[in-house]
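Counting from 91, one number per residue, gives the positions in the sequence shown under the numbering used here.
In this text, a Cβ means the ideal position worked out from N, Cα and C, and glycines have one as well.
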Amino acid sequence: MHNLTLVDVSPRDGLQNESQILSPQDRVHYIQKLYAAGVRHIEIGSLVNPKAVPQMQATEAVIEAFQDKAQYPGLQTYVLVPNPKGLERLKDLTVDTVCFFSAGTNSFAKANIGMSVNESLQTYGAMVAPVKERGSRIRAYVSCMTHCPFEGDVNPQQVMEVLEAFDQMGVDEIVLGETTGQGVMAQTNSVIQECLQRMDPLRVGCHFHDTYGQGLANTMGAFALGIRSFDGSTGGLGGCPYAPGAGGNVALEEIIYAFESSGLETGIQLGKLLEAAQEMATLLDQPCRSKLCQAMDAKA
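And the structure:
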């Protein structure tokens with residue numbers, strides 16, 4: 091399986107950008123469908139201010155539904171915790187991976203989490219020990235790896251400075267995010283290669299958006315460089331509420347189709363995943379966005 095880790099971010103990054111607000115029960119049912127399809131790494135929510143992102147309200151109830159490891163063997167839960175207040179909301183709940191979030195530009199960091207890059211790094215530096223004491227891994231996103239919706243082209247050195255700061259504070263995995271979807275493979279590969287001069291590729295993940303149709307190409311390019319952890323969003327859901335015009339993440343089913351067709355096992359049943367995608371699209375009263383969904387519909 092080439093140690094592939096495919097993280098489905100649709101219950102968080104996908105749903106947070108949809109206008110319809112789903113109940114915690116609907117979100118739990120959706121995550122159960124993903125698990126039934128064989129997805130084992132799932133970003134199940136975000137502990138952000140519900141006034142800012144109402145789609146993620148009552149994430150505690152979603153987390154609580156997946157506390158019984160015997161009921162969901164192998165499931166690894168990921169939750170975005172952007173500040174100490176979010177960490178306080180976890181209380182006695184357990185998540186496998188706590189996700190931090192910063193960016194390659196101050197403009198995007200301030201729009202997304204209300205802090206400058208330096209402020210975010212100081213905040214997260216103080217959160218590392220409490221998170222580790224809870225027994226959780228730490229995954230740190232560095233958004234805007236090539237382009238920023240407010241500042242345009244991003245200097246790779248700015249991205250490396252954030253990456254190195256996260257590395258020094260002891261996070262377990264750093265995820266490079268191509269937030270606007272503008273970056274082509276030559277650009278994303280260049281940043282990844284800079285990153286790999288500093289870090290083991292098995293500690294690096296990639297999070298690509300597909301606004302300009304580059305998500306899958308960037309994924310395969312990163313894989314060729316040795317990256318083995320990738321985010322995807324079932325059904326191509328999502329985008330970013332703070333990146334105007336940013337389309338959804340690269341669809342998880344398209345990543346799986348590409349890897350499986352290349353002879354790489356993912357352990358995920360594509361048919362069941364497409365069923366989950368279609369069910370969610372119906373719930374959101376919209377067509378399934380991914381090209382694979384549309385192709386399979388046309389063949390049916």
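Residues of its chain near residue 254, where Cβ-Cβ distance is below 7 Å and the 5 sequence neighbours each way are ignored
Looking up residue 254 in the sequence shown gives position 164. So the qualifying residues of the chain are 288.
At the level of alpha carbons, what is the spacing between residue 208 and residue 113?
Residue numbering aside, residue 208 sits at position 118 when the sequence shown is read from its first letter. Residue numbering aside, residue 113 sits at position 23 when the sequence shown is read from its first letter. Distance between the alpha carbons of residue 208 and residue 113: 35 Å.
When the Cα atoms are used, what is the spatial distance from residue 100 to residue 318?
Mapped onto the sequence shown, residue 100 falls at position 10. Mapped onto the sequence shown, residue 318 falls at position 228. Residue 100 and residue 318: Cα-Cα distance of roughly 19 Å.
Residue environment, residue 167, which counts as buried when at least 16 other CB atoms sit within 10 Å
Here residue 167 refers to the residue found at position 77 when the sequence shown is read from its first residue. Answer is buried; the Cβ neighbour count reaches 16.
At the level of alpha carbons, what is the spacing between residue 104 and residue 286?
Within the sequence shown, residue 104 is the residue found at index 14, counting from 1. Within the sequence shown, residue 286 is the residue found at index 196, counting from 1. Taking the straight line from one Cα to the other gives about 28 Å.
Short check: CB of residue 308 to CB of residue 322, under 8 Å?
For the purposes of this step, residue 308 is taken as the residue at position 218 of the sequence shown. For the purposes of this step, residue 322 is taken as the residue at position 232 of the sequence shown. In this structure, residue 322 does not lie closer than 8 Å to residue 308 by Cβ.
Pairwise C-alpha distance: residue 353 and residue 107
Along the sequence shown, one-based indexing puts residue 107 at 17. Along the sequence shown, one-based indexing puts residue 353 at 263. The straight-line gap from Cα to Cα measures roughly 33 Å.
Apply the 10 Å Cβ neighbour rule to residue 277 and answer buried if 16 or more other Cβ atoms are within range, or exposed otherwise.
Within the sequence shown, numbered from 1, the residue matching residue 277 stands at position 187. It is buried - the Cβ of residue 277 has at least 16 other Cβ atoms within 10 Å.
Whole angstroms is fine: what's the gap from residue 362's alpha carbon to residue 212's?
Working through the sequence shown from its first residue, we reach residue 362 at position 272. Working through the sequence shown from its first residue, we reach residue 212 at position 122. Distance between the alpha carbons of residue 362 and residue 212: 42 Å.
With DSSP collapsed to three states, give me the class of residue 107.
If you number the sequence shown from 1, residue 107 lands on position 17. Helix.
Can you tell me whether DSSP reads residue 308 as helix, strand or coil?
Numbered from its first residue, the sequence shown carries residue 308 at position 218. Reduced to three states, the DSSP call for residue 308 is helix.
Residue 238 (DSSP reduced to helix, strand or coil):
For the purposes of this step, residue 238 is identified with residue 148 of the sequence shown, where counting begins at 1. The answer is strand: DSSP assigns residue 238 an E or B state.
Is DSSP giving residue 125 helix, strand or coil here?
Taking the first residue of the sequence shown as position 1, residue 125 is located at position 35. It is helical.
Does the beta-carbon of residue 193 have 16 or more other beta-carbons within 10 angstroms, so that it is buried, or is it exposed?
Taking the first residue of the sequence shown as 1, we reach residue 193 at position 103. Buried: at least 16 other Cβ atoms inside 10 Å.
If you compare alpha carbons, which of 371, 95, 377, 345 is closest to residue 360?
Walking along the sequence shown from the start, residue 360 turns up at place 270. The shortest C-alpha separation from residue 360 is found at 345.
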